[in-house]
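Peer 1:
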Amino acid sequence: MGSVPQNFPNCLNDSLGNSSDLVIKEFVICQTRVYLCFLESLVDFPKTNEYVRQIESGLVMDEDIFDQLAALTAGQAQVPYSDIIVYLLKGRLVIASFHDDRNVVLNPLQISLTRDIQTPLNENVVQSSFDAFTENINTNIGIIRSKIISRNLVVESLATGETNTRQLAVIYRKDKVSQAVIDSILDRLRKNKNNNIRHVQDLSRALGQKKWNLIPTILSTEIPADTVEYLSEGRVAIFMDHFPFALVIPSIVSDLWSIKSDHNFPVVFMASIRIIRIVGLLVSTLAPGLYVALVSVNPEVLRIQLALAIARSREGVPYPAIIEIILLLFVLEMIVEASVRLPKSIGPAITMVGGIILGEAVVQAKLVSNLLIITLAATTIANFTLSGFTNMLMVRLFKYVLLLPSAIFGVLGLIGGLQFFCCYLAAVTTFSVPYLTLKMREGDRVE
-9 MGSVPQNFPN
1 CLNDSLGNSS
11 DLVIKEFVIC
21 QTRVYLCFLE
31 SLVDFPKTNE
41 YVRQIESGLV
51 MDEDIFDQLA
61 ALTAGQAQVP
71 YSDIIVYLLK
81 GRLVIASFHD
91 DRNVVLNPLQ
101 ISLTRDIQTP
111 LNENVVQSSF
121 DAFTENINTN
131 IGIIRSKIIS
141 RNLVVESLAT
151 GETNTRQLAV
161 IYRKDKVSQA
171 VIDSILDRLR
181 KNKNNNIRHV
191 QDLSRALGQK
201 KWNLIPTILS
211 TEIPADTVEY
221 LSEGRVAIFM
231 DHFPFALVIP
241 SIVSDLWSIK
251 SDHNFPVVFM
261 ASIRIIRIVG
271 LLVSTLAPGL
281 YVALVSVNPE
291 VLRIQLALAI
301 ARSREGVPYP
311 AIIEIILLLF
321 VLEMIVEASV
331 RLPKSIGPAI
341 TMVGGIILGE
351 AVVQAKLVSN
361 LLIITLAATT
371 IANFTLSGFT
381 NMLMVRLFKY
391 VLLLPSAIFG
401 VLGLIGGLQF
411 FCCYLAAVTT
421 FSVPYLTLKM
431 REGDRVE
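First residue of the sequence shown: -9, per the numbering used here; consecutive thereafter.
#1: Going straight from the alpha carbon of Thr380 to that of Ala236, what length do you get?
#2: What's the C-alpha gap between Thr217 and Pro98?
#3: In terms of residue numbering, what span does the beta strand (DSSP E) encompassing Ile85 cover?
#4: Kindly indicate the opening and closing residues of the beta strand (DSSP E) around Tyr25.
#5: Arg293 lies in the beta strand (DSSP E); which residues open and close that run?
#6: On a CA-only basis, which of Ile300, Arg267, Gln295 is nearest Val282? Give me that one, please.
#7: Do Ala227 and Val238 count as a contact pair if the criterion is CB distance below 8 Å?
#8: Suppose the cutoff is 8 Å on Cβ atoms and the five residues either side in sequence are ignored; what does the same chain contact list for Tyr441 look like?
#9: Helix, strand or coil: which one does DSSP assign to Val50?
#10: Which same chain residues, not among the five before or five after Pro234, have their C-beta less than 8 Å away from its C-beta?
#11: Below 8 Å between beta carbons: does that hold for Phe56 and Arg92?
#12: Cutting at 6 Å between CB atoms, please list the residues of its own chain near Ala67, excluding the five before and the five after it.
#13: Does Asn93 come out as helix, strand or coil in the three-state DSSP assignment?
#14: Would Ile208 and Tyr425 qualify as a contact pair, given that the criterion is a beta-carbon distance under 8 Å?
#15: To the nearest angstrom, report how far apart Asn154 and Ser102 are at their CA atoms.
#16: Determine the closest residue to Val307 out of Ala355, Ser251, Leu271, with distance taken between C-alpha atoms.
#17: Flag this pair as yes or no: are the beta carbons of Ala372 and Val273 separated by less than 8 Å?
#18: So is Phe28 buried or exposed if we call it buried at 16+ other beta carbons inside 10 Å?
#19: To the nearest angstrom, report how far apart Ala438 and Lys164 are at their CA atoms.
#20: Hey, how far is the Cα of Asn16 from the Cα of Ile336?
#21: Are Met230 and Leu158 closer than 8 Å when you measure CB to CB?
#22: With a cut-off of 8 Å on the beta carbons, I'd call Leu271 and Trp247 a contact; round off their distance for me.
#23: Label Ser72 either buried or exposed according to how many other C-beta atoms from any shown protein chain fall within 10 Å of its C-beta, with 16 as the threshold for buried.
#24: Roughly how many whole angstroms lie between the Cα atoms of Ile266 and Thr375?
#25: Would you please state the rounded distance, in angstroms, between the beta carbons of Arg240 and Ile134? I believe it to be under 8 Å.
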């Protein structure tokens, strides 16, 4: 249906499934009867009504009011019926003629459905700006614009999806990024513009990333100051409407321990903090596999006193070390996940119950050894020293990969598994940038 149908109100109701928030009012503008159509859940009608009345005072009686309204308000006249439905769903005001198919689409005063700029909720900020991105894509772009006052900052916007249209914005500094990389990103998004991009997985597939990739090639942050630093390094940020995070590509290995706000500390302190994070990465990755290797296969590499102490702590445990550690790891993973998902009022209580009472109970019941409790406690704490929640998940997953070769081949199996994982990391690239790149220096161009 291109033109506006004769029985316009009924057709509009049918098209929107007789939605209760669809309002169709008969109105008179300059002695011309019209329909005012809008969704009251999106449009502030009392203020919009005053706005329309103010515009009406500037209209000329002898000329077409629809063309005049479009000219005075930067609206669109003579919109096809199929587009009218889309504009209504976007919160626009449609004024349609009572007698013919003339119409105009205006930008009304909308109900505020977005929250103000607040402090970050998912990332802790230390000695940096306390603003965070919101669900409004234009607000997020404005935040970046206010922090990077440069003619080299470019914003490319596009809409994706047929049944559920979603706005995307690709932001980059043209003096830092190769145009070939930008063209590749935009071409892939445009080729998938008819696909609904509902979440980050859809965006990742649209960008050509592997579905079962174990490495997070897209970095997310809700802190504008960090995003500005990433853009200055030559990376690309992508915003999705209704998603309060910047998605940064490419991701590199140093993102595991490097936080941009570290540069606000003296160099010695910054280096010390990052060394602690690197040690935390090694502990969270290797400690479970090393425990299994030393207890089950290679106890001879330990001093006799330590080997006897471990044997005494495992006395009465009814199953091998590999089963022991997997069972307790699963319990710890459930505790961590519960503490993240539960309301903040009861999350700490669950952590207390799971971490202290449950741990003490399983040791007294001789289900696990004391040394394993210490090992997994250190592993869990070390994992939380890393930067980025997706990076934490990657390391949490990888430690399971090392358990099997460690249980079969001991320390050699642990080393072999680590070498295999390093080879896998070396093969991962994102838009020609190797994942094992340690630093993207300011001024370097991403090719």
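Backbone N, C-alpha and C define an ideal beta-carbon position, used for all residues, glycine too.
Peer 2: If we stick to the structure as given:
#1: 14 Å
#2: 33 Å
#3: 83 to 87
#4: 22 to 29
#5: Taken as a continuous stretch (DSSP letters only), Arg293 belongs to no beta strand (DSSP E), as it is neither H nor E.
#6: Ile300
#7: yes
#8: Absent from the model: residue 441. The displayed extent of the chain is -9 to 437, so no value can be given.
#9: coil
#10: Ala122, Phe123, Thr124, Glu125, Asn130, Glu212
#11: yes
#12: Phe56, Asp57, Ala60, Val94
#13: strand
#14: no
#15: 21 Å
#16: Ala355
#17: yes
#18: buried
#19: Because the chain in this structure spans residues -9 to 437, residue 438 falls outside the shown range and cannot be described.
#20: The question names Asn, but residue 16 is Glu in the sequence shown. Distance between the alpha carbons of Glu16 and Ile336: 53 Å.
#21: yes
#22: 6 Å
#23: exposed
#24: 8 Å
#25: In the sequence under discussion, the amino acid at residue 240 is Pro, which differs from the Arg named in the question. About 19 Å separates the two Cβ atoms, so there is no contact after all.
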